[in-house]
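Asks:
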Amino acid sequence: QPLNLDLIATEEIQNNNHWTNFCRNLGFENFIHGQCGQDYFANGIASRHPIKFHSNQSDSFSYSGGTRALLQCRLDGFDNLTFGVIHLDHFAEDPRLKQIEYFKPHKQNIDILMGDMNSLTRDDYSDDYFSKTVFGQRKISGWEKPRFDLTHLITHEWDYQDAFKLKNPKIKDEQLATCAYGTRIDYIFVHPRVNERWNLTECSIIDTKGVTDHNGVLAEFKLK
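Numbered according to this note's numbering, the sequence shown terminates at residue 224, and the numbering increases by one at each position without gaps.
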């Protein structure tokens, strides 16, 4: 509440009283829910402003991590900015790539893409931290080796900008972790056309104090 947010995007919600109460307790009377195959992988968007359009798209892939969905919306008074929230596969990079390529947010003119991408950015980590914490944790746990294909696709081929890295280019390692494993997997990506009317003035990682198992990512934009 002290942050006075205009919009919040969430993952792993269920369309029940917990979601409704969460939104209303934060002062949001406008909220939507985007279902996918597994109820607990649904996405949500809550807004202080009326939602004038929204849609939800679910994939049909049969990965062990389940099906996923892309929820998008536009708000009254925001010059047709399109916001999207997504939560990608938590097991492997290939399913994540299939999912993001299926949804094609750049082709749907999504201006601000948010969510738990479950994917890494190599530049986030010093060599020592990468070796001991990022690669080391995955080796101990028997997970897939670190890959960076997805974030590279979004930023280098689809030309989205990583909001956190834009405002915090020197922050690395545990300072930017958004999950319990010491890595950043939650992102806000901004399409360059947003810069025509808006300035990204701040982007930070918010300690959620154990309310969830991830930290939040906060971006602030001001109209030019």
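We treat Cβ as the ideally placed atom computed from N, Cα and C, and that holds for glycine.
If you count every other CB in all the chains shown that lies within 10 Å of the CB of residue 139, and 16 or more means buried, which is it?
Replies: On the sequence shown, position 139 is the one that residue 139 refers to. Exposed, by the Cβ-count rule.
Asks: Are there 16 or more other CB atoms within 10 angstroms of the CB of residue 193, so buried, or fewer, so exposed?
Replies: Along the sequence shown, read from residue 1 onward, the residue named residue 193 stands at position 193. Exposed, by the Cβ-count rule.
Asks: Kindly confirm or deny that the region 182–189 and the region 103–114 touch, where touching means at least three C-beta pairs closer than 8 angstroms.
Replies: Output reads yes: the region 103–114 touches the region 182–189.
Asks: Considering only the alpha carbon of each residue, which of 103, 219, 178, 224 lies closest to residue 211?
Replies: Position 211 of the sequence shown holds residue 211. The shortest C-alpha separation from residue 211 is found at 178.
Asks: Measuring straight from C-alpha to C-alpha, what distance separates residue 27 and residue 17?
Replies: Here residue 27 refers to the residue found at position 27 of the sequence shown. Here residue 17 refers to the residue found at position 17 of the sequence shown. C-alpha separation (whole angstroms): 15 angstroms.
Asks: For residue 227, which three-state DSSP category applies?
Replies: No answer is possible for residue 227: the residues shown for the chain start at 1 and end at 224.
Asks: Figure out for me which residue from 182, 135, 170, 164 has the closest Cα to the Cα of residue 221.
Replies: In the sequence shown, counting from the first residue as 1, residue 221 sits at position 221. Checking every option, the nearest Cα to that of residue 221 belongs to 164.
Asks: Roughly how many angstroms separate the alpha carbons of residue 99 and residue 91, rounded to a whole number?
Replies: Residue 99 sits at position 99 when you count from the first residue of the sequence shown. Residue 91 sits at position 91 when you count from the first residue of the sequence shown. Going by the C-alpha atoms only, they are around 13 angstroms apart.
Asks: Whole angstroms is fine: what's the gap from residue 191's alpha carbon to residue 197's?
Replies: The residue you call residue 191 lines up with position 191 of the sequence shown. The residue you call residue 197 lines up with position 197 of the sequence shown. So the alpha carbons of these two residues sit roughly 12 angstroms apart.
Asks: Starting from residue 33, follow its DSSP beta bridges and name the residues at the other end.
Replies: Position 33 of the sequence shown, counted from the start, is the residue given in the question as residue 33. Note: residue 33 sits in a beta bridge opposite 44.
Asks: In angstroms, rounded to a whole number, what distance separates the CA positions of residue 123 and residue 12?
Replies: Residue mapping note: residue 123 aligns to position 123 of the sequence shown, counting from 1. Residue mapping note: residue 12 aligns to position 12 of the sequence shown, counting from 1. Cα to Cα, residue 123 sits roughly 27 angstroms from residue 12.
Asks: Just how far apart, CA to CA, sit residue 9 and residue 43?
Replies: As a first step, residue 9 must be located in the sequence shown, where it is residue number 9. As a first step, residue 43 must be located in the sequence shown, where it is residue number 43. Those two C-alpha atoms are separated by around 8 angstroms.
Asks: Tell me which same chain residues have a C-beta within less than 6 angstroms of the C-beta of residue 29, skipping the five on either side of it?
Replies: Taking the sequence shown and counting its residues from 1, the one referred to as residue 29 is at position 29. Closer than 6 angstroms at Cβ, skipping near neighbours: no residue.
Asks: Per DSSP, which residues does residue 179 bridge with? Please list them.
Replies: For the purposes of this step, residue 179 is taken as the residue at position 179 of the sequence shown. For residue 179, which the question treats as bridged, DSSP gives the partners 214.
Asks: Could you give the residue range of the alpha helix (DSSP H) that holds residue 100?
Replies: Counted from its first residue, the sequence shown places residue 100 at position 100. Per DSSP, residue 100 belongs to the alpha helix (DSSP H) from 93–103.
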